[in-house]
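Per the working numbering, residue 107 is the first one in the sequence shown, and the count goes up by one each step.
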Amino acid sequence: MTQQKPSYYLTTAITYPNGVPHIGHAYEYIATDAMARFKRLDGFDVMFLTGTDEHGMKIAQAAEKEGITPKELVDRNAEIYQAVHAELGISHDRFIRTTDADHYAASQDLWRRMEANGDIYLGKYEGWYSVRDEAFYGEDETELREDGKRYSKTTDTELTWTEEESYFFRLSNYQEKLLALYEEQPEFGYPRSRFNEVISFVKGGLEDLSISRTTFDWGVPVPGDDKHVMYVWVDALTNYLTGVGFPDDSSEKFQRFWPADVHVIGKDISRFHAIFWPAFLMSAGLPLPKRVMIHGFLHNNGVKMSKSLGNVVAPGDFVAQYGLDQVRYFFLREVPFGADGSYSHDAIVGRMNADLANNFGNLAQRSLSMVAKNCDGAVPAPGEFSAADQAMLAQADSLLETVRGEFEEQQFSRALEAMWHVLGECNAYFAEQQPWVLRKTDPARMNTVLYVTLEVLRQVAILSQPVMPGSAGTVLGLLGQDSEESRLFTALGTRLVAGTDLPAPAPVFPKYEEPEV
Ligand code: ME8
């Protein structure tokens, strides 16, 4: 009997398709994708969900501005988002749109469960609302500015005074339960610094949450009261359940994948994920996600991206300029996950040339060319390993454990640093051993040095696939590793087989050349 693989369910935030995707969105997709690919290669049965958040006032207003219906707007823009996922090589299992029919059923079922638990009541909402954030703010979180308008202190978005009949969720009943959850699962929100902000907000007291609107109708109808549509965040968060078959919670899929292992989100929406979401789930009697991973924001040259500044870069343009794997590598290597990060042309070119073209690409090109010329184009047979060979191989062998540990914490930059450290050591080893001299003086020893070098390259290539699926695959192909099994992490426990035929070497990582002006 074959043993069933362990399951792993991860999600990105679902993006509002009111504008066009930018590098910040791309960063979140790439990071989550690297995690999904890592888990697949590490033997997990992965479910990876991403998509678009299509309801709410923001979308309704954007459509009105363009003189089209909200549905026309989201149909058009969801396609743009899907195209960006393809451009970035995102390997999701489902692209959910909150206008999908099964999502209406899931959202209404979650509502009914919260209602059956006595947590929903009808009242009147009076307060400040930010359409841009799709969020309510307490008076103390707002300020009146010189232009006579009121703004959110935290997000700088303009607020409108709202008064309407609304259903409420008894969030105030969940303060103690949430604090108990944070005690019991200190890693529920991660990294700690960002999670602490959430905890202090909850400690400051929770008010009941307005969860329906009557002044527009672009949303999921409230069960039993068609005058109301759900507050967009209620239906948006439910996407994580819809994606695994809810409301059929006895289905094999739901049983297998819920609760989610990790929700990957940005720092601006941690309250929704670490406060509202677990409270809704507790109310509905459903298990809670294991972790909410909160990443920082990306800035262009240290400056916030905004349409008015004209510094919003389309992910596709980036990929066209630098190459897909280069972009994926850059973001995951450059930004410690959880912290804010910045990107600039010089920083990307620096990484492309130093880390990829020189450190990885040159080593592969030099060693493989020597093998092609001097070893009949096949993996040479090693002789006895010297202390230097053994030390080099041992460093590569220890990578899996290190990299796995770092990925578990979404610390991609540290995982890549560890791999590139080993590549650096291998470059030094290659330079010290001088196989080009050994070619004449001691060909058997040359074979051993080339073998060790190829073996280190193989291990780093296998481990870098989640980040650079295309280029790492090309390196593996050049090392004669074409089968699926030879690329799984289980293959790290084996060694290159001497005599394996290799194709003609070809450069994998181009150097960035400035275009002539
Ligand atoms: O918040 N850098 O959608 P969204 C890094 N629909 N990440 C960024 C970023 C930046 N400059 N700007 C935005 C929403 N993000 C809701 C989510 S989930 C049930 C509903 C991140 O389109 C942001 O933090 O405004 C979020 O995780 C994601 O992009 C989508 O943002």
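No residue lacks a Cβ here, since even glycine has one placed at the ideal position from N, Cα and C.
Check: Quick one: what's Pro327 bridged to in DSSP?
Finding: Counting from 1 along the sequence shown, the entry for residue 327 is found at position 221. Answer by DSSP bridge pairing, in chain order: Val335.
Note to self: So, at 8 Å on beta carbons, what are the nonlocal neighbours of Glu538 in its own chain, with the 5 sequence-adjacent residues on each side left out?
What the structure shows: As a first step, residue 538 is located in the sequence shown; it is residue number 432 there, counting from the start. Only Ala494 meet the Cβ criterion.
Next item on the list: Quick one: using the 10 Å Cβ neighbour count with 16 as the cut-off for buried, is Ala500 buried or exposed?
Entry: To locate residue 500, count along the sequence shown from 1; it is residue 394. Ala500 should be labelled exposed.
Check: Excluding the five sequence neighbours on either side, which residues of its own chain have a C-beta within less than 8 Å of the C-beta of Asp199, listed in chain order?
Finding: Mapped onto the sequence shown, residue 199 falls at position 93. Answer for Asp199: Val152, Met153, Phe154, Leu155, listed in chain order.
Margin query: Cutting at 8 Å between CB atoms, please list the residues of its own chain near Glu313, excluding the five before and the five after it.
Written below: Locating residue 313 in the sequence shown gives position 207, counting from the first residue. Here the set comprises Gly244, Leu277, Ser278.
Item checked: Identity of the residue in Ile375, Arg300, Lys230, Tyr346 nearest Val368 by Cα -> Here residue 368 corresponds to residue number 262 of the sequence shown, with the count starting at 1. Closest by alpha carbon: Tyr346.
Notebook entry, point to check: the ligand ME8 heavy atoms versus the CB of Phe403: any closer than 7 Å?
Noted result: The count along the sequence shown starts at 1 and reaches residue 403 at position 297. Yes, the beta carbon of Phe403 sits closer than 7 Å to at least one heavy atom of the ligand ME8.
Next item on the list: Taking all protein chains shown into account, decide if Arg182 is buried (16 or more other Cβ within 10 angstroms of its Cβ) or exposed.
Entry: Locating residue 182 in the sequence shown gives position 76, counting from the first residue. Flag for Arg182 reads exposed.
Note to self: Could you give the first and the last residue of the continuous alpha helix (DSSP H) run that contains Trp364?
What the structure shows: Sequence index remark: in the sequence shown, residue 364 carries index 258 (1-based). Careful: Trp364 lies outside any alpha helix (DSSP H) and carries neither H nor E.
Next item on the list: Using a threshold of 8 Å, state whether the C-beta atoms of Ile226 and Pro421 are closer than that.
Entry: The residue labelled residue 226 in the question sits at position 120 within the sequence shown. The residue labelled residue 421 in the question sits at position 315 within the sequence shown. No.
Note to self: Let me confirm a value: Lys145 is counted as buried when at least 16 other C-beta atoms fall within 10 Å, else exposed. Which label applies?
What the structure shows: By 1-based counting over the sequence shown, the position of residue 145 is 39. Per the 10 Å Cβ criterion, buried.
Notebook entry, point to check: What's the C-alpha gap between Glu134 and Ala119?
Noted result: By 1-based counting over the sequence shown, the position of residue 134 is 28. By 1-based counting over the sequence shown, the position of residue 119 is 13. Cα to Cα, the separation comes out at about 8 Å.
Item checked: Where Glu561 falls, given that 16 or more other Cβ within 10 Å makes a residue buried -> Position 455 of the sequence shown, counted from the start, is the residue given in the question as residue 561. With a 10 Å radius around the Cβ and a threshold of 16 neighbouring Cβ atoms, Glu561 comes out buried.
Next item on the list: Consult DSSP for Tyr449 and reduce its assignment to one of helix, strand or coil.
Entry: For the purposes of this step, residue 449 is taken as the residue at position 343 of the sequence shown. The answer is strand: DSSP assigns Tyr449 an E or B state.
Next item on the list: With a threshold of 7 Å, establish whether the CB of His131 neighbours any heavy atom of the ligand ME8.
Entry: Your numbering for residue 131 matches position 25 in the sequence shown. Yes, the beta carbon of His131 sits closer than 7 Å to at least one heavy atom of the ligand ME8.
Notebook entry, point to check: So is Ala597 buried or exposed if we call it buried at 16+ other beta carbons inside 10 Å?
Noted result: Translated into the one-based positions of the sequence shown, residue 597 becomes position 491. With a threshold of 16 other beta carbon atoms within 10 Å, Ala597 meets it and is buried.
Note to self: Pull the bridge partners of Trp234 from the DSSP assignment, please.
What the structure shows: Your numbering for residue 234 matches position 128 in the sequence shown. Its beta-bridge partners are Tyr243, Trp267.
Checklist line | Contact belief for Ile136 with Arg434 at Cβ below 8 Å, rounded distance in angstroms | finding: In the sequence shown, counting from the first residue as 1, residue 136 sits at position 30. In the sequence shown, counting from the first residue as 1, residue 434 sits at position 328. Yes, they are in contact, since the Cβ atoms of Ile136 and Arg434 sit about 5 Å apart, within 8 Å.
Notebook entry, point to check: By Cβ distance, which residues of its chain are closer than 7 Å to Tyr535, with the 5 residues on each side in sequence left out?
Noted result: Reading the sequence shown from its first residue, position 429 is the one you call residue 535. Same-chain partners within the cutoff: Ala494, Met498.
Checklist line | Nonlocal neighbours in the same chain, by C-beta distance under 8 Å from Gly149, ignoring five residues either side | finding: Taking the first residue of the sequence shown as position 1, residue 149 is located at position 43. These residues qualify, in order along the chain: Lys111, Pro112, Leu594, Phe595, Thr596.
Checklist line | Whether Phe201 touches His209 by CB criterion (8 Å) | finding: Numbered from 1 along the sequence shown, position 95 holds the residue referred to as residue 201. Numbered from 1 along the sequence shown, position 103 holds the residue referred to as residue 209. No.
Notebook entry, point to check: Should the region 364 to 381 be regarded as contacting the region 397 to 404, the criterion being three or more beta carbon pairs within less than 8 Å?
Noted result: yes
Check: Going straight from the alpha carbon of Ser318 to that of Leu462, what length do you get?
Finding: The sequence position of residue 318 within the sequence shown is 212, counting from 1. The sequence position of residue 462 within the sequence shown is 356, counting from 1. Distance between the alpha carbons of Ser318 and Leu462 is about 51 Å.
Check: How big is the Cα-Cα spacing for Val350 and Asp332?
Finding: Residue mapping note: residue 350 aligns to position 244 of the sequence shown, counting from 1. Residue mapping note: residue 332 aligns to position 226 of the sequence shown, counting from 1. C-alpha separation (whole angstroms): 27 Å.
Check: How about Ala380: is its Cβ closer than 7 Å to a heavy atom in the ligand ME8?
Finding: In the sequence shown, residue 380 corresponds to position 274, counting from 1. No, since every heavy atom of the ligand ME8 falls outside the 7 Å radius drawn around the Cβ of Ala380.
Notebook entry, point to check: Roughly how many whole angstroms lie between the Cα atoms of Val543 and Ser473?
Noted result: Counting from one through the sequence shown, the residue named residue 543 turns up at place 437. Counting from one through the sequence shown, the residue named residue 473 turns up at place 367. Going by the C-alpha atoms only, they are around 13 Å apart.
Notebook entry, point to check: CB Leu563 to CB Ala470, shorter than 8 Å?
Noted result: The residue labelled residue 563 in the question sits at position 457 within the sequence shown. The residue labelled residue 470 in the question sits at position 364 within the sequence shown. Yes. Within cutoff.
Notebook entry, point to check: Quick one, which of Phe437, Leu285, Glu440 has its alpha-carbon nearest Pro384's?
Noted result: Residue numbering aside, residue 384 sits at position 278 when the sequence shown is read from its first letter. The shortest Cα separation from Pro384 among Phe437, Leu285, Glu440 belongs to Leu285.
Item checked: the ligand ME8 heavy atom lying under 7 Å from the CB of Asn345 -> Start at 1 with the first residue of the sequence shown, and residue 345 comes out as number 239. Yes.
Next item on the list: May I have a chain-ordered list of the alpha helix (DSSP H) segments no shorter than 4 residues that lie completely inside the region 474 to 541?
Entry: 493 to 503, 505 to 514, 518 to 539
Next item on the list: Take Val566 as the anchor and find which of Ser504, Ala604, Gln432 has the nearest alpha-carbon.
Entry: Translated into positions along the sequence shown, residue 566 becomes position 460. Minimum Cα distance to Val566 is reached at Ser504.
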